[in-house]
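Protein chains: 2
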Amino acid sequence: MRLREFQELIERIYGDKDRGRGQEKTYMWFAEEVGELTRALRRDDEENLAEEFADVLAWLTTLASIRGVDLEEVVLQKYGAGCPYCEAVPCAC
Amino acid sequence: MRLREFQELIERIYGDKDRGRGQEKTYMWFAEEVGELTRALRRDDEENLAEEFADVLAWLTTLASIRGVDLEEVVLQKYGAGCPYCEAVPCAC
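Shown next as structure tokens:
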């Protein structure tokens, strides 16, 4: 799935709800999921780890949509040609 | 770009470096970028906002790679059929 398609999918599922809630309240959900991912990493909780990565990405994506940021466009702009600082692949910084 | 291709791109640029650094030290970079995104959101800093979203996604992705998690697979598993709780699009929870 393209990153843009994933952003559109999350927009279809949660866009109205999250825009209605607003940036700050949506950020609180994102932060909660970052916490859950942190715990799964710390505990080596393999059962929940994959799902927590999915949740953090979903909340990051919906925050980007609220702010009108196209994630696929911005990651390609920054990382599409290699490390943005040394311009090498792999990074040689 | 497919989400899987983005993960592979970040793996090629930073995989060796980030695995060498290890999960905890890599997490510190991720957390720093979450902080920078938070500040850009709070300040309505449109100049840096897009880049901070890109950085958080890149560090989340490299953490997933360190743990052997395929982001595209896990987001499709969880969100591919709509809201994982009410199964509706849009979410009706």
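If you read the protein sequences in the order shown, they are chains P and W. 19 is the number that this note's numbering gives to position 19 of the first sequence; each next residue is one higher, with no gaps. To convert, take the position in the second sequence, counting from 1, and add 93; that gives this note's numbering. In this text, a Cβ means the ideal position worked out from N, Cα and C, and glycines have one as well.
- Assignment of W/Arg-136 by DSSP, reduced to helix, strand and coil, places it in the coil class.
- W/Thr-154 is positioned such that its CB atom lies closer than 8 Å to that of W/Ile-103.
- With fewer than 16 other Cβ atoms inside 10 Å of its own Cβ, P/Glu-5 counts as exposed.
- By the criterion of a C-beta distance shorter than 8 Å, W/Ala-174 is surrounded in its chain by Glu-180, once the five residues flanking it on both sides are discounted.
- The three-state secondary structure of W/Arg-95, taken from DSSP, is strand.
- For W/Tyr-120, the chain P residues whose C-beta falls within less than 8 Å of its own C-beta are Thr-38, Leu-41, listed in chain order.
- Out of W/Asp-111, W/Lys-171, W/Val-149, the CA that lies nearest to the CA of P/Glu-52 is found in W/Lys-171.
- In this structure, the straight-line span from the alpha carbon of P/Leu-63 to that of W/Trp-152 is close to 17 Å.
- Separation of W/Glu-125 and W/Ala-133 (C-alpha to C-alpha, rounded to the nearest whole angstrom) is 13 Å.
- Under a 10 Å Cβ-count criterion, P/Cys-91 is classified as buried, with 16 or more other Cβ atoms of the shown protein chains found around its own Cβ.
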